[in-house]
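This report concerns only the one structure given below.
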Amino acid sequence: NAGVTQTPKFQVLKTGQSMTLQCAQDMNHEYMSWYRQDPGMGLRLIHYSVGAGITDQGEVPNGYNVSRSTTEDFPLRLLSAAPSQTSVYFCASSIQGNTEAFFGQGTRLTVV
Amino acid sequence: AQRVTQPEKLLSVFKGAPVELKCNYSYSGSPELFWYVQYSRQRLQLLLRHISRESIKGFTADLNKGETSFHLKKPFAQEEDSAMYYCALPSRQLTFGSGTQLTVLP
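As given, the protein sequences belong to chains P and G, one line each in that order. Counting along the first sequence from 1, when you hit position 33 you're at 62 in my numbering, and nothing is skipped either side. Counting along the second sequence from 1, when you hit position 50 you're at 181 in my numbering, and nothing is skipped either side.
Here is the structure:
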């Protein structure tokens with residue numbers, strides 16, 4: 030039982046490049062979410078999904094897209110990377126939005 | 132709107148001293164609060180939740196509805212407690228505070 034798996038762990042992008050951060054969970058959780066972690070800002074919600082085919086915006090959605098074609102996977106796409114998107118990204122899953130969330134190990138992204 | 136405030140970004144205490152990490156919340160309703168911890172180079176993990184009223188690794192947290200607080204306490208801090216601590220309020224989504232970096236000095 031791997032829990033929540035994120036890939037890659039580290040990534041460096043040039044401004045304007047696009048990429049996808051992968052997230053997979055094997056706990057059959059309906060709820061999945063993406064956060065970014067910045068110094069002094071805590072964890073801010075980017076997008077979330079309450080089930081396959083359903084996604085919604087969080088606090089800081091601009092510049093990011095998500096989709097949820099299966100229960101297990103919830104990829105985060107950066108359409109055109111900007112230096113302001115330099116951050117550590119965490120994927121999480123839970124049974125519901127108000128229950129214990131299980132986190133991936135994080136992706137440290139640097140945009141130059 | 133729901134909000135979680137952790138007023139201290141950094142907190143340092145000496146080993147063996149008591150430690151209290153502050154958390155205040157704003158929520159219209161009966162809240163259920165969590166404390167998460169992130170040790171160096173590890174993923175975030177749930178430390179404790181108020182509804183279970185448990186003590187984990189010597190930490191406790193009491194929900195004070197009058198003061199809208201959920202402070203995390205430990206009577207005798209250990210060096211291995213050094214970590215980032217987040218208070219979180221679950222409703223439709225988890226809302227996190229900005230976190231407190233705790234350093235326990237030898």
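Built from N, CA and C at the ideal position, the CB exists for glycine as well.
Minimum Cβ-Cβ distance from residue i to chain G less than 8 Å
i, result
"T44 of chain P", "no"
"G133 of chain P", "yes"
"S78 of chain P", "no"
"G87 of chain P", "yes"
Three-way DSSP call (helix, strand, coil) for residue i in this model
i, result
"E101 of chain P", "coil"
"Q114 of chain P", "helix"
"H202 of chain G", "coil"
"D193 of chain G", "coil"
"D212 of chain G", "helix"
"T44 of chain P", "coil"
"A132 of chain G", "coil"
Listed by chain order, chain G residues near residue i by CB distance under 9 Å
i, result
"F119 of chain P", "R174, L175"
"G126 of chain P", "P221, S222, R223, Q224, L225"
"E129 of chain P", "F165, L177, R180, P221"
Cross-chain neighbours of residue i in chain P, by beta carbon under 7 Å
i, result
"G160 of chain G", "The contacting residues do not exist; G160 of chain G stays about 11 Å from chain P at best."
Nearest residue (CA-CA) to residue i, options the options
i, options, result
"N91 of chain P", "P:S62, P:C120, P:S109, P:S98", "P:S109"
"G133 of chain P", "P:Y77, P:V141, P:C52", "P:C52"
"T191 of chain G", "G:T234, G:R134, G:E151", "G:E151"
"I127 of chain G", "G:P149, G:K205, G:N195", "The shown model of chain G, from 132 to 237, leaves out residue 127 of chain G, and the question about it has no answer."
"V140 of chain P", "P:G126, P:Y118, P:S122, P:A130", "P:Y118"
"M56 of chain P", "P:S98, P:L42, P:S122, P:G45", "P:S122"
"W63 of chain P", "P:M48, P:Q35, P:G82", "P:Q35"
"L220 of chain G", "G:F207, G:P206, G:P237, G:H202", "G:H202"
7 Å Cβ cut-off: residues of chain G touching residue i
i, result
"L72 of chain P", "Y217, F227"
"S62 of chain P", "Q224"
Limits of the beta strand (DSSP E) - the one that residue i falls within
i, result
"G71 of chain P", "71 to 80"
"I187 of chain G", "From DSSP, I187 of chain G is part of no beta strand (DSSP E); its letter is neither H nor E."
"V168 of chain G", "165 to 169"
"S86 of chain P", "The residue you asked about is not Ser; residue 86 of chain P is Gln in the sequence shown. First-last of the beta strand (DSSP E) with Q86 of chain P: 83 to 86."
"V78 of chain G", "For chain G, the structure presents residues 132 to 237; residue 78 of chain G sits outside this window and is missing."
"D67 of chain P", "60 to 67"
"V235 of chain G", "231 to 236"
"T139 of chain P", "136 to 140"
"R180 of chain G", "176 to 180"
"T34 of chain P", "33 to 36"
Contact set between residue i and chain P, taken where Cβ atoms lie within less than 9 Å
i, result
"K140 of chain G", "P68, G69"
Beta carbon proximity, residue i to chain P, threshold 8 Å
i, result
"G230 of chain G", "yes"
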